[in-house]
Each structure stands twice: as structure tokens, then as C-alpha cells.
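Okay, so here's the structure we're looking at.
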């Protein structure tokens, strides 16, 4: 399984508040070790890796998690608690 976290950078260059909150929850709960990569969706750059992934999977909310399991279609989670319950706690 591969887990990608996509966080957003706003037009003024600051990280989105929800992204900061989720990052802090991941750190506080020792869950960052499960994240294989973190990509940045920079709204000032449509070609940033996170923006490309968001377009590919038609996601408009950040942060989000892309979960890729071998032999299965990728899954998107836009809600931290659902991601934890359905992916990390299984």
C-alpha cells in the first residue's frame, strides 16, 4: 500500500489552515510514519505535483489522502478521521 498526502499552499504562499491541522494530528498521533510521500498543491502553480494529482482524481478539497493498493483502484480520502478509521486502523 502507498499513501500520499496532498497539502495546499494558498495564493499568498501560506499553507491552508486545515492542512496545518491535519499535519499536526498526524504528528501528534505518530501517523506520519504511514505516509509514503507528501505533495504540495500550490494554487499559484497549476503544474505543481499536488495540483496535478488533484486534477487527475477530480479533488477540490485539501488536504487529501491518495491510497493505492496493489490490484485495486486508488482511493481518495478528504476527511482525516475517515482516512484513519478506514485505512490506518485496519
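In this note's numbering, the protein residues as written are 2 to 91.
Glycine is no exception: its CB is placed at the ideal position from the N, C-alpha and C atoms.
Quantities reported herein were computed from a predicted structural model and do not represent experimental measurements.
Pairwise C-beta distances place the region 15–30 out of contact with the region 45–61, as fewer than three of them are shorter than 8 Å. Residues of the same chain with a CB within less than 8 Å of the CB of residue 32, apart from the 5 flanking positions on each side, are 26, 85 and 89 in chain order. Our two residues, residue 36 and residue 17, have alpha carbons roughly 19 Å apart in a direct line. Here the alpha carbons of residue 41 and residue 20 stand approximately 10 Å from one another. The continuous stretches of alpha helix (DSSP H) do not include residue 71, and DSSP gives it neither H nor E.
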